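Mind the numbering: the sequence shown is residues 1 to 220 in my numbering, read in order.
Using N, Cα and C, we set each Cβ at its ideal position, and we do this for glycine too.
As the structure is a computational prediction, the values presented were derived from the model and not from experiment.
The structure appears right after this line, and notes come after that.
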Amino acid sequence: MPRATTRPQPAGREPGAAPAAPLAPTPSQTIGPFFGYALPFPGGGQIAPAGHPDTVTVHGLVRDGTGAPVPDALLEFWQAGPDGSLTGAPGSLRRDPATGAVLGRDGVDFTGFGRVPTDADGRYVLRTLPATAPAGRPDAAPYLAVCVFARGLLHHLATRVYFPEHATANAADPLLGQLPTERARTLLARADGPGRYRFDVQLQQTADGTHEETVFLAFR
C-alpha cells in the first residue's frame, strides 16, 4: 500500500527546524482526450536491450464492452529483471536526448518499464525479456504488471500477464489461486509462435458473452 514519505532535510536547514510536510501519493489522472503529446515516446515498447537474444514479443488488442477495438488506449508495463530485481534507482527511465528512446541506468541495463499506445486498430506490441518473479516472492509466478489508461476511465486499471510455460508456478501463484479457473484464464497470455505471446485486454464483457472482461486488480 502506498505510504507517505518525508522529504530529506535540505542543506542549510537550521537545527531544530520543523520537519518538511509529508509527501502524499500522487493521485491517478485520466489520459485525455489528448494524450499524444509527451506520454508516448519513441521506443516505449522496446524494453529489452537492443539485440538481446532472449527478447520476446507480447502483442494484443484492447477492446471495449461492445467488442470494438480501442484506438486511443495507453498501456504501461513493468516487470522484474532477469535476476528478479526491481529497478527503482534515479534515472532508471532516462531518455536519449536526441531520439527520446528510453535508456537504462547506464544506457544498456534492463529497466523493466515500457509505455505503449494502441494503434488505429486497437493493437499494441511490446518487446521485452522473459518474465520473472520478483525477488523475495518465491510463491509468485513470473508476470508482467500492466496499467491500462483509456477514454472513459476516470482511474487507470491494473492487471497482470502470466505465461503458459509456467504452469506449475501459475497453479501455486497466490493471486491466480484466488480466482475461478475461467476468470484466471483472462490473465494468461497464449503462445503465438516462437518467442511470441498474445494478450488481449477486454475492458468490459460484451453483452453476448463472446469476450469476457479481463480481471482487474484493486490495491489496498
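Best match in the options for proximity to residue i [C-alpha to C-alpha]
{"i": "L74", "options": "L187, T181, E213, L126", "result": "L126"}
{"i": "P164", "options": "A158, F216, L176", "result": "L176"}
{"i": "A135", "options": "P49, G81, A120", "result": "G81"}
{"i": "A145", "options": "G114, L153, G122", "result": "G114"}
{"i": "P40", "options": "T111, T132, D121, E76", "result": "E76"}
{"i": "G45", "options": "L157, T132, A172, Q79", "result": "Q79"}
{"i": "I47", "options": "T128, E213, L153", "result": "T128"}
{"i": "D83", "options": "A133, A172, V116", "result": "A133"}
{"i": "D121", "options": "P69, D54, L153", "result": "P69"}
Between the CA atoms of residue j and residue i - distance to the nearest angstrom
{"i": "R63", "j": "Y162", "result": "19 Å"}
{"i": "H52", "j": "A21", "result": "44 Å"}
{"i": "P194", "j": "P130", "result": "12 Å"}
{"i": "A141", "j": "A167", "result": "9 Å"}
{"i": "F149", "j": "R198", "result": "19 Å"}
{"i": "N170", "j": "T26", "result": "32 Å"}
{"i": "Q204", "j": "T87", "result": "32 Å"}
{"i": "A218", "j": "R151", "result": "20 Å"}
{"i": "H59", "j": "G65", "result": "20 Å"}
{"i": "R123", "j": "P138", "result": "33 Å"}
{"i": "Q202", "j": "R190", "result": "15 Å"}
{"i": "F110", "j": "L61", "result": "25 Å"}
{"i": "G43", "j": "D200", "result": "21 Å"}
{"i": "A172", "j": "T181", "result": "13 Å"}
{"i": "V116", "j": "L153", "result": "17 Å"}
Own chain residues within Cβ distance below 7 Å of residue i, not counting five before or after
{"i": "G67", "result": "T206, T210, H211"}
{"i": "P10", "result": "Reliability fails at P10, whose pLDDT of 40 lies under 50, so the model's placement of it is uncertain and the value that follows must be treated cautiously. Result list for P10: empty, nothing under 7 Å."}
{"i": "A184", "result": "L176"}
{"i": "V215", "result": "T159, L179, R183, T186, L187"}
{"i": "S85", "result": "A135"}
{"i": "Y143", "result": "A131, R160, V161, Y162"}
{"i": "D54", "result": "L129, P130"}
Contacting residues, own chain, Cβ-Cβ under 6 Å from residue i (five flanking each side not counted)
{"i": "D208", "result": "none"}
{"i": "H155", "result": "S28"}
{"i": "V56", "result": "P130, G195"}
{"i": "P174", "result": "D139"}
{"i": "R3", "result": "Summary for R3: the model assigns pLDDT 39, below 50, so the residue's position carries little reliability; its value from the coordinates is reported in the next sentence. Result list for R3: empty, nothing under 6 Å."}
{"i": "D192", "result": "R198"}
{"i": "C147", "result": "E76, H156, A158"}
{"i": "P15", "result": "With a pLDDT of 49 at P15, under the threshold of 50, the modelled position of that residue is not reliable, and the figure given next carries that caveat. Closer than 6 Å at the Cβ level, and outside the excluded window around P15, lies no residue."}
{"i": "E213", "result": "Q202, Q204, Q205"}
Range of the contiguous alpha helix (DSSP H) that encloses residue i
{"i": "E182", "result": "181-184"}
{"i": "A171", "result": "167-172"}
Residues sharing a beta bridge with residue i, DSSP
{"i": "V125", "result": "H59"}
{"i": "E213", "result": "E213 pairs with nothing; no bridge assigned."}
{"i": "A145", "result": "W78, R160"}
{"i": "A191", "result": "Y197"}
{"i": "Q46", "result": "R127"}
{"i": "P138", "result": "For P138, which the question treats as bridged, DSSP gives no partner whatsoever."}
Range covered by the beta strand (DSSP E) that runs through residue i
{"i": "T206", "result": "That residue, T206, is in no beta strand (DSSP E); it is neither H nor E in DSSP."}
{"i": "P117", "result": "113-117"}
Chain-order list of residues whose beta-carbon lies under 8 Å from that of residue i (same chain, five-residue window excluded)
{"i": "D119", "result": "P71"}
Interface flag, residue i vs chain C, CB-CB below 7 Å
{"i": "T87", "result": "Chain labels in this structure do not include chain C; a single protein chain is all it has."}
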